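Taking it in order: structure first as structure tokens, then the write-up.
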Amino acid sequence: MKDIEPIVTSTGEVGVSQRSFNRIYYNGERLVESYDQLTDSYQSLSEQMDSSQEISRSVVRVVATKDVVRETVLDIDFFKQIEVLVPVSCDKNEWLMVVAKNKPGRDTNRSLLTMVSETEEYTDFNKTFPQRLRDVLGQGFNFSSEIAGFEESLLEIWGETFGWSLMEIYNLSHRLRRERFIKKEDKTVWFSAVKSGEDIIAAAMAERLRLPIKHGRYIDLVESTEWKTRKASEGRHLMTAALINLNCQILSDLSDEIGSNPFIFAECNFTTRSDRAAHGAGFVIPKRLTMGVFVPQILKQNVAVVDGREPKDGLRDFTFVCLPKDSTDNLYSRDRVDEVLRAVEGKTYEYSSNL
Ligand SMILES: CC(C)(COP(=O)(O)OP(=O)(O)OC[C@H]1O[C@@H](n2cnc3c(N)ncnc32)[C@H](O)[C@@H]1OP(=O)(O)O)[C@@H](O)C(=O)NCCC(=O)NCCS
Numbered sequence: 007m008k009d010i011e012p013i014v015t016s017t018g019e020v021g022v023s024q025r026s027f028n029r030i031y032y033n034g035e036r037l038v039e040s041y042d043q044l045t046d047s048y049q050s051l052s053e054q055m056d057s058s059q060e061i062s063r064s065v066v067r068v069v070a071t072k073d074v075v076r077e078t079v080l081d082i083d084f085f086k087q088i089e090v091l092v093p094v095s096c097d098k099n100e101w102l103m104v105v106a107k108n109k110p111g112r113d114t115n116r117s118l119l120t121m122v123s124e125t126e127e128y129t130d131f132n133k134t135f136p137q138r139l140r141d142v143l144g145q146g147f148n149f150s151s152e153i154a155g156f157e158e159s160l161l162e163i164w165g166e167t168f169g170w171s172l173m174e175i176y177n178l179s180h181r182l183r184r185e186r187f188i189k190k191e192d193k194t195v196w197f198s199a200v201k202s203g204e205d206i207i208a209a210a211m212a213e214r215l216r217l218p219i220k221h222g223r224y225i226d227l228v229e230s231t232e233w234k235t236r237k238a239s240e241g242r243h244l245m246t247a248a249l250i251n252l253n254c255q256i257l258s259d260l261s262d263e264i265g266s267n268p269f270i271f272a273e274c275n276f277t278t279r280s281d282r283a284a285h286g287a288g289f290v291i292p293k294r295l296t297m298g299v300f301v302p303q304i305l306k307q308n309v310a311v312v313d314g315r316e317p318k319d320g321l322r323d324f325t326f327v328c329l330p331k332d333s334t335d336n337l338y339s340r341d342r343v344d345e346v347l348r349a350v351e352g353k354t355y356e357y358s359s360n361l
């Protein structure tokens with residue numbers, strides 16, 4: 007969700023910052039290679055939170071080595087604070103960790119166990135990606151990867167729900183346009199909308215954080231965010247299709263010749279079960295039993311979303327999802343990505359039975 011700093015979303019901002027919804031946040035700027043470094047960051051944020059009346063959630067989001075994760079697993083008290091833990095590289099040497107602490111009173115809307123059990127199973131895919139897109143096109147909608155000319159329509163759906171201003175939408179729109187002229191591997195932001203005539207009906211965006219690892223290597227963490235479908239059009243698989251299109255754009259830009267992919271992830275509002283749209287686009291919840299311990303893969307009371315559900319205007323819990331290598335290999339092959347992008351750009355879809 008959008009934050010109070012003058013940036014597009016929270017993803018690109020590294021270091022310590024005080025954020026919207028009474029949070030203090032540390033977004034790691036480099037690989038964490040020592041356990042002490044991790045616990046020091048956590049301790050320091052917790053202390054800042056404890057000494058402030060205003061702050062009620064502290065969050066450390068870093069990428070750490072496998073050795074640091076192994077050590078963390080042994081420290082039972084510290085481990086309990088881990089909300090998300092997932093490998094971000096194919097060799098599983100680097101792991102994304104979200105370690106957080108909420109003050110008493112900032113409690114989940116539903117019990118953690120309920121949320122975990124309700125997100126354990128999903129219905130099988132009953133349509134392929136091409137069919138999903140074809141359905142949406144067949145209903146008379148179009149797709150767009152640009153905002154220019156539609157800023158006010160986007161404000162109608164992002165303004166109230168996520169707190170965007172018109173100026174911030176114009177900034178994003180300009181940034182998207184500027185990035186049309188840079189090398190695709192340097193892109194930092196993507197956008198996907200389903201449109202009906204002059205109106206944006208559903209929209210989502212993604213932003214990249216490039217994290218240096220060792221020996222000149224880096225990991226691209228891409229957060230897919232700001233998912234919103236107009237109320238009257240919910241449940242028609244518009245968000246699912248918008249996310250498929252968004253993933254295809256990102257993979258087309260950032261995947262390299264040897265099949266190495268960015269790490270695409272999202273934090274899904276449990277109240278609206280946006281994890282279901284995520285599932286439809288190939289996202290999965292990372293394993294909850296990892297290195298012999300349980301990790302909920304749920305961010306507790308992270309931010310508020312004005313989603314029209316109860317509790318009104320309240321904070322929400324978020325299920326963490328990502329696009330693992332299995333999904334990219336099976337669902338987003340290079341041919342399929344190209345096919346989807348050609349189809350949405352050309353606004354027609356030739357169904358090919360071998361997809
Ligand atoms: C979450 C949201 C974006 C979903 O958009 P959508 O266009 O209705 O999503 P889709 O139609 O693609 O839904 C896909 C799946 O989710 C299911 N679904 C949608 N809303 C649901 C709900 N409230 N409860 C349970 N399932 C739901 C659909 O039945 C569908 O399931 P299926 O694929 O098994 O048939 C929309 O509800 C919304 O804008 N909510 C308010 C803002 C918000 O919470 N955004 C998410 C921020 S992370």
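Residues in the sequence shown are numbered from 7 upward in steps of one, following our numbering. Each residue gets a CB set at the ideal place from its N, CA and C atoms; glycine is no exception. These numbers were taken from a predicted model, which means no experiment stands behind them.
Opening and closing residue of the alpha helix (DSSP H) in which residue i lies
| i | result |
| --- | --- |
| MET173 | 172–184 |
| ASN336 | 331–337 |
| THR167 | 157–168 |
| ILE270 | Note, ILE270: premise wrong, no alpha helix (DSSP H); beta strand (DSSP E) at 269–275. |
| ASP259 | 244–260 |
| ASP323 | Not the alpha helix (DSSP H): ASP323 falls in the beta strand (DSSP E), residues 321–328. |
| PHE135 | 135–144 |
| SER117 | Segment: none, SER117 is in no alpha helix (DSSP H) and carries neither H nor E. |
| TYR128 | It is not in any alpha helix (DSSP H) - TYR128 carries neither H nor E in the DSSP assignment. |
| SER52 | 41–56 |
Buried versus exposed, by CB contacts within 10 Å (16 or more), residue i
| i | result |
| --- | --- |
| ARG138 | buried |
| ARG223 | exposed |
| LYS234 | buried |
| ILE270 | buried |
| LYS353 | Because the pLDDT of LYS353 is 49, which lies under 50, any placement of that residue in the model is unreliable, and the number read from its coordinates should be weighed accordingly. So LYS353 counts as exposed. |
| SER358 | Note that SER358 scores 40 on pLDDT, short of 50, meaning its location in the model is unreliable; the coordinates nonetheless yield the value given after this. So SER358 ends up on the exposed side. |
| CYS96 | exposed |
| LYS86 | exposed |
| LYS193 | buried |
| ALA287 | buried |
| ALA247 | buried |
| THR334 | buried |
| TYR128 | exposed |
| PHE135 | buried |
| PRO12 | Its pLDDT being 42, under 50, PRO12 is placed unreliably by the model, and the measurement read from it follows with that caveat. Result: exposed. |
| ILE175 | buried |
CB-CB length for residue i against residue j, believed under 8 angstroms
| i | j | result |
| --- | --- | --- |
| VAL75 | VAL301 | Not really, about 10 angstroms apart at Cβ, beyond 8 angstroms. |
| ASN108 | ARG63 | 5 angstroms |
| VAL69 | VAL94 | 6 angstroms |
| ALA199 | ILE206 | 5 angstroms |
| ALA272 | LEU244 | That pair is no contact at about 16 angstroms. |
| LEU249 | ALA310 | Wrong, their Cβ atoms sit about 22 angstroms apart, outside the cutoff. |
| VAL22 | VAL299 | 27 angstroms between Cβ atoms; not a contact. |
| GLU100 | LEU37 | 7 angstroms |
| GLN303 | THR325 | 7 angstroms |
| SER230 | VAL343 | At roughly 15 angstroms, the Cβ-Cβ gap does not stay under 8 angstroms, so SER230 and VAL343 are not in contact. |
Beta-bridge partners of residue i, as assigned by DSSP
| i | result |
| --- | --- |
| GLY21 | ASN33 |
| PRO218 | TYR224 |
| MET103 | VAL68 and LEU91 |
| ALA287 | DSSP lists no partner for ALA287. |
| LEU295 | PHE300 |
| ILE61 | Answer by DSSP bridge pairing: none, since ILE61 is not bridged. |
| ASP205 | SER202 |
| TRP233 | DSSP, once it has assigned bridges, lists no residue as partnering TRP233. |
| ASN148 | LYS201 |
| GLU420 | Outside the displayed range of the chain (7 to 361) lies residue 420, so it cannot be described from this structure. |
| VAL38 | ALA70 |
| ASN108 | ARG63 |
heavy atom of ligand 3 below 7 angstroms from residue i C-beta
| i | result |
| --- | --- |
| GLU60 | This structure lacks ligand 3; the ligands present are ligand 1. |
Delimiting residues of the beta strand (DSSP E) encompassing residue i
| i | result |
| --- | --- |
| VAL307 | Note on residue identity: the sequence assigns Gln, not Val, to residue 307. 304–310 is the span of the beta strand (DSSP E), which, as asked, contains GLN307. |
| PHE85 | Per DSSP, PHE85 belongs to no beta strand (DSSP E); it is in the alpha helix (DSSP H), 82–85. |
Q | Below 6 angstroms from a heavy atom of ligand 1 - residues by beta-carbon | A | THR129, THR167, ALA208, TRP233, LYS234, THR235, GLU240, GLY241, ARG242, HIS243, LEU244, MET245, THR246, CYS274, ASN275, THR278, ARG279, SER280, ARG282, ALA283, GLY286, VAL311 and ASP313
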